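Numbering (our numbering), first residue to last: 5 to 211. Reading through the C-alpha cells given below for one structure.
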C-alpha cells in the first residue's frame, strides 16, 4: 500500500515470488489475487467517499463505475501473462535441482565492459522427464532499481537450448555466436540477465 508499483513491477514480483517458493520446496503456493477489487476496509454505510478504497493487485484488471462497483470489463495484466507462462512450463511433474553451471565471465560488447559475475545471480534448476531448465535473475529491489546486463556461463545439460522470457512468453533460439564448445559442456556467451526471471531450457522442457 503506497508503494511505487506498476504492472511491470507486479509481474516481476509474481515470478520471483513463485519461483522462490518452488525452490524452497513449498508444497502449495498461490498468488493473491485473481482480479482487482474494491476493498472498502474502512467504509461507512451511506458515505460513498469513505469506501472507494481499491486493491489493484489482481492479475486481471477491473474497471469500476462512480459507485465503486465493477462494470464487468476485465483486462489481463502483464502479471497474468507471466503466471500463464510459468504455469504452462511447470504444469507437469518436475523436480527442483541445483543447476550445474560455472561462471565464465568475459568481455561483453553490449555492456561496453565485462559480464556481470554469476555470484550476483539467483538460479533455480528444474528437471522433467523431457528436459531441464534454469530460471535466473538478479535480485535488485524492484521498487527502486532495474538492471539489464549479461553473464557468460558453462553449462553441462544436453539437448536443444531455448531462452524464454517469462514476462512475455517469448521463446528464443540460441544463436551460434553465443555458443562456445568446451571440453566439459558448452559456454553460453553474453547471455542476457535482468531483475526479472528468464528461463534457459534444454531438450523438450519448453514444449
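Ideal placement from N, C-alpha and C gives every residue a C-beta, glycine not left out. Please read all numbers here as calculations on a predicted model, not as lab measurements.
Item, Value
"Spatial distance of residue 23 from residue 193 (CA atoms)", "25 Å"
"Complete runs of the beta strand (DSSP E) confined to the segment 103-159 [at least 3 residues]", "105-107, 126-132, 135-141, 152-159"
"Boundaries (first-last residue) of the beta strand (DSSP E) holding residue 12", "Premise fails: residue 12 lies in the alpha helix (DSSP H), 11-27, not in any beta strand (DSSP E)."
"Burial state of residue 103, where buried means 16 or more other Cβ atoms lie within 10 Å", "buried"
"Own chain, CB closer than 7 Å to residue 27, minus 5 neighbours either side, in chain order", "100, 128"
"Reference residue 70; option with closest CA among 167, 7, 95, 57", "57"
"Selection from 162, 170, 186 that minimises the alpha carbon distance to residue 88", "170"
"Cβ-Cβ distance between residue 191 and residue 158 below 8 Å", "yes"
"For residue 210, the first and last residue of its enclosing beta strand (DSSP E)", "Neither: residue 210 is in no beta strand (DSSP E) and is coded neither H nor E."
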